[in-house]
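Asker: Pasting a structure below so you can have a look.
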Amino acid sequence: MLRILPKIRYNGIRHYSKLPPKVSTLAKFDFPLATHTVQSINSDLDNYLNKQQTKITLNGHINRKSRIRPTLGFGFLRDTNGDEIQLLATPDHTNSSIFELMKKLTVEDSVSVTGFIQQKESKSDGNDTQAVELELVVEDFQILNSSNLEAAQLDKLKHNDPSQIPPQFRYLQLRTPYYQKALRLRSQTAQLVRETFIKNHGFTEIETPLLFKSTPEGAREFLVPTRAFNKFYALPQSPQQYKQILMSSGFTRYFQIAKCFRDEDLRSDRQPEFTQIDLEMSYINNSDQVGVVVEDIIHNVWNKVAKKPTYKVNKNGYLEEINHDQPNKLQFEKLNYIDALTKYGIDKPDLRSNLSFTSLESYFTAQENKDFPVLEICILKQAFDPATTKKFKIPKTFTDDHNFPSRRPYVWAVNGPQDVTSWYKKLLDANIISTTSSFDESKLLAELNLEPGDVFAVSTRSKFPYENPTPLGKFRQLAVQEYPHRWQRPIVTEDGSLIDDYNYNDMVVGSWVVNFPLFNPIEIKSDEDKDSKYPQYDYTKYESTHHPFTMAKIEDYELLESDPLKVRGEHYDLVINGVEVGGGSRRIHDPALQQYIFEEILKISNFQDLFGHLLKALSMGCPPHAGLALGFDRLCAMLIGSSSIRDTIAFPKNQSGVDPVVESPTGVSEKALNEYYITTKQ
Ligand code: ASP
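Structure below.
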């Protein structure tokens, strides 16, 4: 083995005006392959321990320099699985060139080491249940590429909190066990998804183009200029139109793990490019048939990758583990949009919590805004102990305006008996609410049953809520975060007993949200009322709640003409633990109906230019079809228990849409712009 001493370390890349020296450079290309991994040694210890004749080669990075035996100054190797082993120099090395090399090592050098395995001398207290700690006695050693000072300076972060390593060094971050595990799990999940589609359900994987056409599908798109005058591609927001055209192409079961692009606000945990598990099926007459395939994927990935069971909410409102004895039946509960909004204030409720709302419509009418007359309440039962707390201080999270998209609810604590009634008296005195003709105080008090120790929030909503989440919906989310492990929905076991002290984070609770309105009124955002706490809508103009290709519920067909806002869509969202994991729908395969929606309801005057290709494909015998897409990045984040999709994406963009590793996007030369007929203006 050729041994080359590393050069003096420096930041950045050393500049050579000549060809770098042959011997030292080529030595980096000549090295032995690994014979083992730390894991393979550990799983067959008897075979390796103290057997000098069994030569072992491990390749990897120097994870840390060892301070245990400074005289033999060595370190720990992190192998290609991310597992660590101590490297030991022996006194025989002391005068050798290997030892010189060892002394010059720094963290994150990439090395190849050969030697034999021995058990580490243990300072142990004789407890023999302790795992055997191993070290590799190094006989041969080679630096394959030395790292630089920057990597060494970041070493502390690597061991303490790798997420704090500056994002331009993403590759150093990715070398650490957490990120290694995250990306390997992502790969494993992708493989399982493919297997489930192909083996269990006979799907065909088909790629659709990334250079697509500019057509409105909801979000702002990325345009791609071409060298033809005023001709642009657009990157697809989803493969929606291509997959529908595939249904007209004789493929009855399509899937793809697809890249999608949306030029959207990146403040929340979103990425401009992201990945969907996309599917479409034809000749099916019920959306549940899509749901069954999707659930098979969901149960499989959680059971096999995360090793966790999945749960549904049963008829009695308890969490019940899903058993898989009816593979052709939907398992997760279906929840109507309107019920989700009125009970939980959001279309993606976290059903691990059993907090829900009570409408006070029969007692009060809210007066602040005529379009938002409904008063509702959410009670946090026994949020504090009145025996030990004289005057409860409302948590800041409930009173911070920034936590609420529009207005924030009124929040009170019941410190004593007077607080049971004082809240509505105050609201009545301030003319914020009025009583209804059916107001009955004793009935109200009995229904709410407020007691000292309770905290409650009161807010308003419109009769049919388009606001999503409502102020109370947001309050519920905050309450779940503020008081973990409180008000959990009990699990019912097979023998009927109830458990409610489980770990919230271990639970996987899914549901299908259905019966969304097919259209929403368009929200008016004028400068004048930009500070208004109530959204304003133009109820004569409509936009699709999801996308314009969703079919109406058959029962609501005539309403398309008479009252479009009353039409419910054949759309279904899959919600797990309060996260919208995916959504899909039955599609309109009738071209005349699709054209009517574009032209008469959505008033898209140039629909032929935008969607003519789809109408044409539908008009050539396209069969009935339905499909769905799951957010793959989010799914993987949930599987590793992370709240950020960035943890499962190798090279995520930052919140300004910049890739910090390659520093894109960049400007291009005037000449290049000219080729695309682009002129720039400040
Ligand atoms: N294309 C849709 C989306 O991206 C999903 C679907 O309807 O299949 O949300």
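Take this note's numbering: the final residue in the sequence shown is number 844, and no numbers are missing along the way. Don't be surprised by glycine CBs; every beta carbon is placed ideally from N, CA and C.
1. Going by beta-carbon coordinates alone, are Phe773 and His733 separated by less than 8 Å?
2. Using the rule of at least 16 other Cβ atoms within 10 Å of the residue's Cβ for burial, across every protein chain shown, is Met264 buried or exposed?
3. Can we count Ser781 as close to the ligand ASP, meaning its CB is less than 7 Å from some heavy atom?
4. Name the one or two DSSP bridge partners that Ile500 has.
5. What separation, rounded to the nearest whole angstrom, lies between the Cα atoms of Ser125 and Asp458?
6. Tell me which residue opens and which closes the alpha helix (DSSP H) that Thr561 is part of.
7. Thinking Val741 and Lys510 are a contact (beta carbons under 8 Å), I'd like their distance in whole angstroms, please.
8. Using only the alpha-carbon positions, how far apart do Ser179 and Phe331 sit?
9. Mind checking Ala812: buried by the 16 CB within 10 Å criterion, or exposed?
10. In the DSSP output, what is Lys421 paired with across the bridge?
11. Take Trp585 and list the residues in its own chain whose beta-carbon comes closer than 6 Å to its own, dropping the five residues that flank it on each side.
12. Using alpha carbons as the reference points, say which of Lys227, Asn212, Ser806 and Val654 lies closest to Glu482.
13. Taking C-beta to C-beta, are Asn682 and Thr702 nearer than 8 Å?
14. Where do the N-terminal and C-terminal ends of the beta strand (DSSP E) with Cys540 fall, by residue?
15. Compare the beta carbon distance of Leu397 and Phe365 with 8 Å and say whether it is the shorter of the two.
16. Following a CB-centred definition, is Leu867 positioned closer than 7 Å to any heavy atom of the ligand ASP?
17. Looking at Leu428 and the ligand ASP, is the gap between the Cβ and the nearest heavy atom below 7 Å?
18. Please determine whether the Cβ atom of Gly789 lies at a distance below 7 Å from any heavy atom of the ligand ASP.
19. What are the uninterrupted segments assigned as beta strand (DSSP E) that are 3 or more residues long and contained completely in the stretch 266 to 324, given in chain order?
20. Are there any heavy atoms of the ligand ASP lying less than 7 Å away from the beta-carbon of Gln855, as far as the coordinates show?
21. Can you give me the C-alpha to C-alpha distance between Cys798 and Lys532, rounded to a whole angstrom?
22. Apart from the five residues just before and just after Glu685, which ones in its own chain have a Cβ nearer than 6 Å to its Cβ?
23. Under 8 Å by Cβ, that's how I've got Leu161 and Ile541 pegged, so tell me the actual separation to the nearest angstrom.
24. Near Trp664, which residues of its chain fall below 8 Å by C-beta distance, leaving aside the five closest residues on each side in sequence?
25. Between Gln248 and Glu297, how many whole angstroms is the CB-CB distance? I'm expecting something under 8 Å.
26. Counting C-beta neighbours from all protein chains within 10 Å, is the total for Leu195 16 or more, i.e. buried, or is it exposed?
27. Answer yes or no: the CB of Ser624 versus the heavy atoms of the ligand ASP, is any distance below 7 Å?
28. Could you tell me which whole alpha helix (DSSP H) segments of length 4 or greater appear in the stretch 681 to 730?
29. Taking the beta strand (DSSP E) that Asn225 falls in, what are its first and last residues?
30. What are the boundary residues of the beta strand (DSSP E) that Val573 is part of?
31. Under 8 Å, with one C-beta from each stretch per pair, do the stretch 384 to 396 and the stretch 765 to 783 reach the 3-pair mark?
Answerer: Walking through what the data contain:
1. Inclusion of Phe773 and His733 in the CB contact set at 8 Å is not warranted, their separation being larger than that value.
2. Classification of Met264: buried, given that the 10 Å Cβ count is 16 or more.
3. The answer is no for Ser781.
4. Answer is none; Ile500 lacks a bridge partner.
5. Because residue 125 is not part of the residues shown, which for the chain are 163 to 844, the question remains open.
6. Taken as a continuous stretch (DSSP letters only), the alpha helix (DSSP H) holding Thr561 covers Lys558 to Thr561.
7. With 8 Å as the limit, Val741 and Lys510 qualify as a contact, their Cβ atoms being about 7 Å apart.
8. In a straight line, the C-alpha of Ser179 is about 27 Å away from that of Phe331.
9. Result: exposed.
10. Per DSSP, Thr437.
11. Cβ neighbours of Trp585 beyond the five flanking positions: Trp574.
12. Closest option to Glu482, Cα to Cα, is Val654.
13. Cβ distance not < 8 Å, so Asn682 and Thr702 don't count as in contact.
14. For Cys540, the enclosing beta strand (DSSP E) stretches over residues Val536 to Leu542.
15. With respect to Phe365, Leu397 sits apart: the two C-beta atoms are not nearer than 8 Å.
16. An answer regarding residue 867 cannot be provided, because it is not within the stretch 163 to 844 covered by the chain.
17. False, no ligand heavy atom lies under 7 Å from that Cβ.
18. Remark: the shortest separation between the CB of Gly789 and any heavy atom of the ligand ASP falls under 7 Å.
19. Within the stretch 266 to 324, the complete beta strand (DSSP E) runs of at least 3 residues are 272 to 281 and 296 to 307.
20. This structure leaves residue 855 out entirely; the chain is present only between 163 and 844.
21. So the alpha carbons of these two residues sit roughly 44 Å apart.
22. Hits under 6 Å: Pro697 and Tyr699.
23. In the structure as shown, the chain begins at 163 and stops at 844. Residue 161 is therefore absent and cannot be evaluated.
24. Looking at the sequence itself, residue 664 is Tyr, so the reference to Trp does not match. Answer for Tyr664: Gln650 and Ile653, listed in chain order.
25. Contact annotation, Gln248 with Glu297: C-beta distance approximately 4 Å; criterion of less than 8 Å satisfied.
26. Leu195 comes out exposed.
27. Flag unset: Cβ of Ser624 not near the ligand ASP.
28. Whole alpha helix (DSSP H) segments, 4+ residues: 721 to 724.
29. Start and end: Ile218 to Lys227.
30. Per DSSP, Val573 belongs to the beta strand (DSSP E) from Tyr572 to Ala575.
31. Taking a cut-off of 8 Å on C-beta distances, the stretch 384 to 396 does not touch the stretch 765 to 783, as fewer than three cross pairs fall below it.
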